[in-house]
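S.K.: After the structure tokens below, expect a handful of questions from me.
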Amino acid sequence: MRHRFIALTVFASSFVYYGLLSAREYTWVFASGDSGDWLASANMWFVPQAFGSPLYIALAKIPGALPFNLPITMALVLSAIPAAVTVMLVYLIVWQLTNRALLAITSAVVLLGCGVFLTQATIVEEYCLSVMFVVAAFYFYINDRKYMTALFLGLGTAVHIVVLPIAVLWFFVSYREWRGWIKAMPIYIVAGILPYGLIVWLMASDAPRLYAGGLSWGAVNNYLGGTEVVGTLSLTETPMRLLALVCILLFSLGIAWLSIMRGFRLADKRIALVVLPTVAFPMWYYITCLHPSTWTYLAWAMPFLAVMAGFGLLWERRLIVNVVLAGAILFVVANSYYLNADLISKRDPQALAYFENIMALPNGSAVVCDRYGWRGFAVYYAISEGKEITPIFRDPDTPSDLYSNYIDWVHEKYGLSGSNAKELIEDATEKGLDVYVLE
Amino acid sequence: MPPKRGWMCMYLNRRWWAYSGLIVATIAAYVYMVPKIAIQETAVKTIGSNLTLNILLLLFFVGYGADRATRGKPKKVQWLAWGLATAAIVTSLRFLL
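For the record, the sequence lines run as chains A and B.
Take our numbering: the last position of the first sequence gets the number 423, and nothing is skipped along the way.
Take our numbering: the last position of the second sequence gets the number 180, and nothing is skipped along the way.
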């Protein structure tokens, strides 16, 4: 009973902490330029950025239906609550592994003070929801409940595709139990792979063709082929990226690292073998990915490292436990100022100003902008909020089936003709539309 | 022999140095990295890539790793390792196409 009460307290206090720090308005802080795409997904059905995140866009309709300010509601419902549940799950896992409440609380506080995890828990992003499912899968994994493990790994995959390689790695490291995993695989496929049928259906439907739309082999290939940033970081840049990784890991977990390393050394092989790839994969991704903001993927690693910290403290003196706990509390306090999404976004409300500029344009005008990226996503969000503008997307660098599908759609929906942005602009001007260029 | 009691032993303790070093490194990392993290998307700059070098490196490490890891191991394990190595190579080729 006391144990459950502590778990609930951990959840409640984490939620309050994340809730207080969450950005109240539309923001691009912590490299969250994707937020416009997700906010638009809350308001309407369309194909968002690859690989579609079907479960996330489906759940996004809940905050989208509530009569509150959308950015904060979505940040609370789909980032802060899952993050707080993850902190509680870390408490439960460590309690189960060590049977010591203090160590479980310490691990939970280590995660609460973790900078990388905090940044994703306080903005509109999909990571925390997916992380919550993976950590729940781990909870069932240590309890040897394969079907539940497969179910939650599947749900995590349906939120973000990066869980697919993590699930495959779990399968490989647990190959001795392959018979049990094969039996559980249909559950994983139903929960994790089949939901992506929603994206295929949206491509085939008459949903707005903003990021993607129009179902064809070429269009799907264009849509999924936008992953050229993966594994392509120049080797000459690698030392700096490694330095950045070390700094991120240090400022996120600090002195808990000694206990984490001890945890890996002393943990049961079955647990360490699953934790290791879950931690290593996001690190590999960040080190090799061309895009520097992929540090956000480290959010998947953090709860597992927090678990290892608690486990490593099992053999430590009380003094060391107290030192690690104090360090984590210091992080909680310092982050509440230096990594406060609400404070930072209010200090520099770039996204909100950009969005308000779009909303201030006259209805019926045409807007020339990028098809994706933070500019394009802001336009999606404005359209989803009912702004009557015609989006004229700039030409892609290479010929794209998705772009020609967009051209067809803009002709059908807005009556503009042309095979590229220049011709669309000319046609819009001839038809007497005001044309604005967004930079 | 380092002293086992008294305040001096603290300074000669390896773990004390480890924790002290970690605290200093953490503070430095916090000061250096937090301003780089707490930025807007508009400030994120993508840097250069070199695909060929990375693929060559990947092929080398995967092949070398599979070979080293399975020397003297049962045939089944060797097949598994080489299967994984092939999968990694095929995946990396996807970036060339």
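Beta carbons are placed, not taken as given, at the ideal position from N, Cα and C, and that holds for glycine.
Note that this is a predicted model, so its numbers are computed, not measured.
Using the rule of at least 16 other Cβ atoms within 10 Å of the residue's Cβ for burial, across every protein chain shown, is Thr187 of chain A buried or exposed?
M.R.: As a position in the first sequence, residue 187 of chain A is number 203, starting the count at 1. Per the sequence shown, the amino acid found at residue 187 of chain A is Met instead of Thr. Counting Cβ neighbours within 10 Å, Met187 of chain A comes out buried, since at least 16 surround it.
S.K.: Would you say Ala164 of chain B lies against chain A (beta-carbon separation less than 8 Å)?
M.R.: Residue 164 of chain B sits at position 81 when you count from the first residue of the second sequence. Not one chain A Cβ lies under 8 Å of Ala164 of chain B.
S.K.: For a contact meaning CB atoms closer than 7 Å, what does Gln334 of chain A contact in chain B?
M.R.: Translated into positions along the first sequence, residue 334 of chain A becomes position 350. Per Cβ cutoff of 7 Å: Gln123 and Thr125.
S.K.: Give a yes or no on whether 8 Å exceeds the smallest Cβ distance from Phe(-11) of chain A to chain B.
M.R.: The residue given as residue -11 of chain A occupies position 5 in the first sequence. Judged by the 8 Å Cβ criterion, Phe(-11) of chain A is not in contact with chain B.
S.K.: In this structure, how does DSSP classify Thr374 of chain A when only helix, strand and coil are distinguished?
M.R.: Position 390 of the first sequence, counted from the first residue, corresponds to residue 374 of chain A. Note: Thr374 of chain A maps to strand in three-state DSSP.
S.K.: Based on the DSSP secondary-structure assignment, which residues constitute the bridge partners of Leu76 of chain A?
M.R.: As a first step, residue 76 of chain A must be located in the first sequence, where it is residue number 92. Under DSSP, Leu76 of chain A shares a beta bridge with no residue.
S.K.: Gly416 of chain A to Asp21 of chain A, Cα distance in whole Å?
M.R.: Stepping through the first sequence from its first residue, residue 416 of chain A is reached at position 432. Stepping through the first sequence from its first residue, residue 21 of chain A is reached at position 37. It is roughly 29 Å from the alpha-carbon of Gly416 of chain A to the alpha-carbon of Asp21 of chain A.
S.K.: So who's on the other strand from Ala26 of chain A, going by DSSP bridges?
M.R.: Residue mapping note: residue 26 of chain A aligns to position 42 of the first sequence, counting from 1. Paired residue(s): none; Ala26 of chain A is not in a bridge.
S.K.: How about Gly196 of chain A and Tyr180 of chain A: do their beta carbons lie closer than 8 Å?
M.R.: In the first sequence, residue 196 of chain A corresponds to position 212, counting from 1. In the first sequence, residue 180 of chain A corresponds to position 196, counting from 1. Reading off the sequence, residue 196 of chain A comes out as Ala, not Gly. Cβ distance not < 8 Å, so Ala196 of chain A and Tyr180 of chain A don't count as in contact.
S.K.: Would you mind telling me which residues of chain B sit closer than 9 Å to Leu242 of chain A, beta carbon to beta carbon, in chain order?
M.R.: Position 258 of the first sequence holds residue 242 of chain A. Residues of chain B with a Cβ closer than 9 Å to the Cβ of Leu242 of chain A are, in chain order, Arg98, Ala101, Tyr102 and Leu105.
S.K.: Taking 7 Å as the limit between beta carbons, can you name the residues of its chain near Tyr2 of chain A, skipping five residues before and five after?
M.R.: Taking the first residue of the first sequence as position 1, residue 2 of chain A is located at position 18. Around Tyr2 of chain A: Ala64, Ala67, Ala68, Ala105 and Thr106.
S.K.: Who are the near neighbours of Phe35 of chain A in its chain, counting only those whose CB is closer than 6 Å to its CB and skipping five residues on each side?
M.R.: Taking the first residue of the first sequence as position 1, residue 35 of chain A is located at position 51. If we look at Phe35 of chain A and ignore the five residues flanking it on each side, its Cβ neighbours are Ile145.
S.K.: Per DSSP, Val308 of chain A forms a beta bridge with which residues?
M.R.: Residue mapping note: residue 308 of chain A aligns to position 324 of the first sequence, counting from 1. In DSSP, Val308 of chain A forms no bridge with anything.
S.K.: Less than 8 Å between the beta carbons of Val394 of chain A and Pro261 of chain A, yes or no?
M.R.: Here residue 394 of chain A corresponds to residue number 410 of the first sequence, with the count starting at 1. Here residue 261 of chain A corresponds to residue number 277 of the first sequence, with the count starting at 1. The answer is no: Cβ separation not under 8 Å.
S.K.: Measuring alpha carbon to alpha carbon, tell me which of A:Gly399, A:Ser6 and A:Ser320 ends up nearest Gly348 of chain A.
M.R.: Taking the first sequence and counting its residues from 1, one reaches residue 348 of chain A at position 364. Answer by Cα proximity: A:Gly399.
S.K.: Between A:Trp358, A:Tyr322, A:Asn389 and A:Ala310, which lies nearest to Ala24 of chain A when the distance is taken from Cα to Cα?
M.R.: Indexing the first sequence from 1 puts residue 24 of chain A at position 40. Among A:Trp358, A:Tyr322, A:Asn389 and A:Ala310, the Cα nearest to that of Ala24 of chain A belongs to A:Trp358.
S.K.: Around the C-beta of Lys130 of chain A, are 16 or more other C-beta atoms found within 10 angstroms, so that it is buried, or is it exposed?
M.R.: The residue you call residue 130 of chain A lines up with position 146 of the first sequence. Buried, because 16 or more other Cβ atoms sit within 10 Å of the Cβ of Lys130 of chain A.
S.K.: I'd like to know whether the C-beta of Ala168 of chain B is nearer than 8 Å to at least one C-beta of chain A.
M.R.: Along the second sequence, read from residue 1 onward, the residue named residue 168 of chain B stands at position 85. Not one chain A Cβ lies under 8 Å of Ala168 of chain B.
S.K.: Measuring only the C-alpha atoms, how far is Leu436 of chain A from Arg(-14) of chain A?
M.R.: This structure does not reach residue 436 of chain A, given that chain A is present from -15 up to 423, and the question cannot be answered.
S.K.: Would you give the residue range spanned by the alpha helix (DSSP H) that Val127 of chain B belongs to?
M.R.: The residue labelled residue 127 of chain B in the question sits at position 44 within the second sequence. Boundaries for Val127 of chain B: no alpha helix (DSSP H) harbours it, and the DSSP string shows neither H nor E there.
S.K.: Let me confirm a value: Leu303 of chain A is counted as buried when at least 16 other C-beta atoms fall within 10 Å, else exposed. Which label applies?
M.R.: For this step, residue 303 of chain A is matched to residue 319 along the first sequence. Exposed: under 16 other Cβ atoms inside 10 Å.
S.K.: If the cut-off is 9 Å on Cβ atoms, which residues from the region 74 to 106 of chain A count as contacting chain B, listed in chain order?
M.R.: Within the region 74 to 106 of chain A, Gly99, Val100 and Thr103 place their CB atoms closer than 9 Å to a CB of chain B, listed in sequence order.
S.K.: So, for Leu148 of chain A: in the same chain, excluding its five sequence neighbours on each side, which residues have a beta-carbon less than 6 Å away from its beta-carbon?
M.R.: Mapped onto the first sequence, residue 148 of chain A falls at position 164. So the list reads Thr141, once near-sequence residues are dropped.
S.K.: Leaving out five residues on either side along the sequence, give the residues of the same chain with a beta carbon under 7 Å from the beta carbon of Ser114 of chain A.
M.R.: By one-based count along the first sequence, residue 114 of chain A stands at place 130. Once the five neighbours on either side are set aside, the close Cβ partners of Ser114 of chain A are Gly140, Val143, His144 and Val147.
S.K.: Could you check what DSSP says for Leu180 of chain B in three-state terms: helix, strand or coil?
M.R.: Taking the second sequence and counting its residues from 1, one reaches residue 180 of chain B at position 97. With a pLDDT of 46 at Leu180 of chain B, under the threshold of 50, the modelled position of that residue is not reliable, and the figure given next carries that caveat. Of the three classes helix, strand and coil, the one that applies to Leu180 of chain B here is coil, per DSSP.
S.K.: On the DSSP letters alone, give me the boundaries of the beta strand (DSSP E) that Tyr420 of chain A sits inside.
M.R.: Reading the first sequence from its first residue, position 436 is the one you call residue 420 of chain A. Start and end: Val419 to Val421.
S.K.: Hey, Ala325 of chain A and Leu5 of chain A: beta-carbon distance below 8 Å or not?
M.R.: In the first sequence, counting from the first residue as 1, residue 325 of chain A sits at position 341. In the first sequence, counting from the first residue as 1, residue 5 of chain A sits at position 21. Result yes, Cβ atoms of Ala325 of chain A and Leu5 of chain A sit closer than 8 Å.
S.K.: Using the DSSP secondary-structure output, state which residues sit across from Ala350 of chain A in a beta bridge.
M.R.: Sequence index remark: in the first sequence, residue 350 of chain A carries index 366 (1-based). Its beta-bridge partners are A:Thr374 and A:Val419.
S.K.: Counting along the chain, where does the alpha helix (DSSP H) carrying Tyr123 of chain A start and finish?
M.R.: Within the first sequence, residue 123 of chain A is the residue found at index 139, counting from 1. Run containing Tyr123 of chain A: Tyr111 to Ile126, per the alpha helix (DSSP H) assignment.
S.K.: Count the other CB atoms within 10 Å of the CB of Gln80 of chain A; is the residue buried (16 or more) or exposed (fewer)?
M.R.: Within the first sequence, numbered from 1, the residue matching residue 80 of chain A stands at position 96. Gln80 of chain A counts as exposed, since fewer than 16 other C-beta atoms from the protein chains shown sit within 10 angstroms of its C-beta.
S.K.: State yes or no: is the beta carbon of Val146 of chain A nearer than 8 Å to at least one beta carbon in chain B?
M.R.: Residue numbering aside, residue 146 of chain A sits at position 162 when the first sequence is read from its first letter. With 8 Å as the cut-off, Val146 of chain A does not count as an interface residue toward chain B.
S.K.: For Met116 of chain A, which residues of its own chain have a beta-carbon under 6 Å away from its beta-carbon, when the five flanking residues on both sides are left out?
M.R.: Here the question's residue 116 of chain A lines up with position 132 in the first sequence. Excluding positions up to five away in sequence, the list reads Pro66, Val69 and Thr70.
S.K.: Pair every Cβ in the region 275 to 295 of chain A with every Cβ in the region 84 to 99 of chain A, then say whether three or more of these pairs are closer than 8 Å.
M.R.: With the cut-off at 8 Å, the region 275 to 295 of chain A and the region 84 to 99 of chain A touch.
S.K.: Between A:Ser16, A:Val263 and A:Trp29, which has its C-alpha nearest Glu369 of chain A's C-alpha?
M.R.: Along the first sequence, read from residue 1 onward, the residue named residue 369 of chain A stands at position 385. Closest option to Glu369 of chain A, Cα to Cα, is A:Trp29.
S.K.: Quick test of your reading: Thr280 of chain A and Tyr111 of chain A, contact by CB under 8 Å. State the CB separation rounded to the nearest angstrom.
M.R.: Walking along the first sequence from the start, residue 280 of chain A turns up at place 296. Walking along the first sequence from the start, residue 111 of chain A turns up at place 127. Contact holds; Cβ gap of about 6 Å.
S.K.: Which of helix, strand or coil does DSSP assign to Val13 of chain A?
M.R.: In the first sequence, counting from the first residue as 1, residue 13 of chain A sits at position 29. Three-state DSSP puts Val13 of chain A in a strand.
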